[in-house]
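Notes for the one structure printed next.
There are 2 protein chains.
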Amino acid sequence: MSNPLVIEAVPGTSYADITREFEAPVAALFRAHADPELFARWIGPGDERTEVTHWDFRTGGGYRFVQRDGDGEYAFRGVFHTIRENELIIQTFEYEGWPDQVSVDIIRFEALDGGRSRLVDHSVFPTVEVLESMQAEGMERGIREGYEKLDRMLAGER
Amino acid sequence: MSNPLVIEAVPGTSYADITREFEAPVAALFRAHADPELFARWIGPGDERTEVTHWDFRTGGGYRFVQRDGDGEYAFRGVFHTIRENELIIQTFEYEGWPDQVSVDIIRFEALDGGRSRLVDHSVFPTVEVLESMQAEGMERGIREGYEKLDRMLAGER
């Protein structure tokens, strides 16, 4: 059984707050976002394979990755505005199939008692309509299934 | 007399659309955003002096500048998510005095007849409250006075 995924989005606004706890220390949770080989193992819905094609994980750096499933190929890219180890990632995010609709994620990492941790992602979309489209196209499922893979990875499973 | 500055922000949303026309070709308008020496001459309200401390104007690059007036010093920084010459700049923006409140500007450049041009900046703030604070603290004045300096620069005045 996994921890609940909480997505709060006030109707009429263009942002969502995504909160999830993990049964792992904050340093391990952060490393799963910092290391491209680890990141590729959990990001995205369950049936996709991820290839990281660019990775420069530092303030001012950037990234790009491609996901493939039976239906096709989906590329995503962005820049890292701020990286603070074990604490904060601020990054842009764009699905190349929907060019110039760039969102920003302000992702906070918190240490909890008992070697546990919490992630809070304030995800800001360019308009209300873009957020509603992302919700309609399975944003919640993609996030939930990704974090379930991350749970298994942090527990030491392949 | 300068062209009107139009700022449209629907109450309850966290973004504003800023539209301004210029009596100069789109290439000159874009260059005033691309060249750090030109940029420093017009950005910000009328009484501030700007020093560009970092400038890497390309997709994946970044920038930082410091403004000084009689009261103090204000630093701003961000990354360039997308640059398309004479057409589009997508960049993050942070006032270092209000850390981690990062906004995104999606700035479109349009050629108009008669050697004129139009700029449309879709400016996205992380929350409704951040946009309202920026409005209360003189966002409109800073933009208006900056573009009036840009008018004079594009007209060939110092």
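Here the protein sequences line up with chains A and B, keeping their order.
Be aware that the first sequence starts at 0, since it is given in numbering that gives the first Met the number 0, and climbs by one per residue.
Be aware that the second sequence starts at 0, since it is given in numbering that gives the first Met the number 0, and climbs by one per residue.
Glycine included, each C-beta is placed from N, C-alpha and C at the ideal position.
Given the structure is predicted, the values throughout are model-derived calculations rather than measurements.
Residues of chain B with a CB under 8 Å from the CB of residue i: which are they?
i, result
"ASP99 (chain A)", "THR81, LEU87, ILE89, ILE105"
"TYR14 (chain A)", "SER13, PRO125, THR126"
Would a C-beta distance cut-off of 7 Å place residue i and residue j closer than the cut-off?
i, j, result
"ALA33 (chain A)", "PHE64 (chain A)", "no"
"PHE38 (chain A)", "PHE108 (chain A)", "no"
"GLU36 (chain B)", "ARG117 (chain B)", "no"
"GLN90 (chain A)", "GLY77 (chain A)", "yes"
"VAL103 (chain A)", "SER13 (chain A)", "no"
"ARG40 (chain B)", "MET138 (chain B)", "no"
Does DSSP put residue i in a helix, in a strand, or in coil?
i, result
"ARG17 (chain A)", "One point to set straight first is that residue 17 (chain A) is Ile, not Arg, in the sequence displayed. Residue state, collapsed to three classes: strand."
"ASP34 (chain A)", "coil"
"ARG140 (chain A)", "helix"
"LYS148 (chain A)", "helix"
"GLN100 (chain B)", "coil"
"GLU86 (chain A)", "coil"
"ASP68 (chain B)", "strand"
"PHE108 (chain A)", "strand"
"PHE29 (chain A)", "helix"
"GLY61 (chain B)", "strand"
"SER1 (chain B)", "coil"
"ARG157 (chain B)", "Residue placement at ARG157 (chain B) cannot be trusted, given a pLDDT of 44 that sits under 50; the coordinates are not used to answer."
"THR91 (chain B)", "strand"
"ASP55 (chain B)", "coil"
"THR164 (chain B)", "This structure leaves residue 164 (chain B) out entirely; chain B is present only between 0 and 157."
From what residue to what residue does the alpha helix (DSSP H) around residue i run?
i, result
"ILE82 (chain B)", "Note, ILE82 (chain B): premise wrong, no alpha helix (DSSP H); beta strand (DSSP E) at 71-83."
"GLU128 (chain B)", "127-135"
Using a cut-off of 9 Å between C-beta atoms, extract the partners of residue i located in chain B.
i, result
"HIS121 (chain A)", "PRO125, THR126"
What in chain A is Cβ-close to residue i, meaning under 9 Å?
i, result
"GLU93 (chain B)", "HIS80, THR81, ILE89"
Along the chain, where does the beta strand (DSSP E) containing residue i start, and where does it finish?
i, result
"ILE42 (chain A)", "No beta strand (DSSP E) holds ILE42 (chain A); DSSP gives it neither H nor E."
"ALA7 (chain B)", "Looking at the sequence provided, one finds Glu at residue 7 (chain B) rather than Ala. Counting along the chain, the beta strand (DSSP E) containing GLU7 (chain B) begins and ends at 4-7."
"ASP120 (chain A)", "115-123"
- Message: By the 7 Å beta-carbon criterion, what residues does the segment 52-80 of chain A contribute toward chain B?
- Response: Under the 7 Å Cβ criterion, the segment 52-80 of chain A contributes GLY59, GLY61, GLY77, VAL78, HIS80.
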